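Notes for the one structure printed next.
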């Protein structure tokens, strides 16, 4: 009995040693992000925004905390972007897209955020999203019509084709959210950095100096 209690106590102590991950994400524009907004990791609530502060170069450091259960999934290969919160339409959130290819992020590290897509590109992606919604509605209507058919071999063939097309539609939507949009955000951020390097340095007065955030 004492042996079992010892193992249980050891596991509890081990769990207590795993702390939440606290770090900073650098953005040129926080786009309305505020303390208390959610952090989503692969679509799941995984943390919160703690604070925001503008620093000397004019960029914003967003202090975030990721729950201990998710800290191993946040790596240097992950992408960090600001997007509307799916469960709170009136609020933005910080979206982390995990990528196991990178190294685990350490506490108090500063990582680069992916800037939102320019307004000129938003209609394009809005049109793609609306097109996918129309397709989903058409699939639902077709599914209802399919249910009215007799359970014949022809019905089974149509059902298999329908399920295959539905799966392709879901994969296309996931690919756009997972690959296409983050890739464009990364490319835009790279171009923005190159423009910053090419531009002459901007002088700032001593009064504009900001103190470093503390988590």
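Residue numbers (the numbering used here): -9 to 205.
Don't be surprised by glycine CBs; every beta carbon is placed ideally from N, CA and C.
Here the structure is a predicted model, which means the values were calculated and not measured.
From the options, residue whose alpha carbon lies closest to that of residue i
i	options	result
residue 57	69, 93, 36, 80	36
residue 72	47, 96, 54, 9	54
residue 23	39, 88, 153	39
residue 14	51, 84, 31	51
residue 59	8, 157, 150, 100	8
residue 47	17, 28, 154, 32	17
residue 101	74, 150, 151, 49	49
residue 85	26, 158, 103, 151	103
residue 105	154, 19, 44	19
residue 44	91, 21, 62, 93	21
Per DSSP, cross-strand counterpart(s) of residue i
i	result
residue 70	86
residue 13	54
residue 41	53
residue 101	15
residue 34	31
Residue i - DSSP class collapsed to helix/strand/coil
i	result
residue 154	helix
residue 27	coil
residue 213	This structure cannot settle anything about residue 213, because the visible part of the chain is limited to -9 through 205.
residue 61	helix
residue 20	coil
residue 8	coil
residue 93	coil
- Query: Between the region 59 to 67 and the region 75 to 84, do three or more beta carbon pairs fall short of 8 Å?
  - Reply: no
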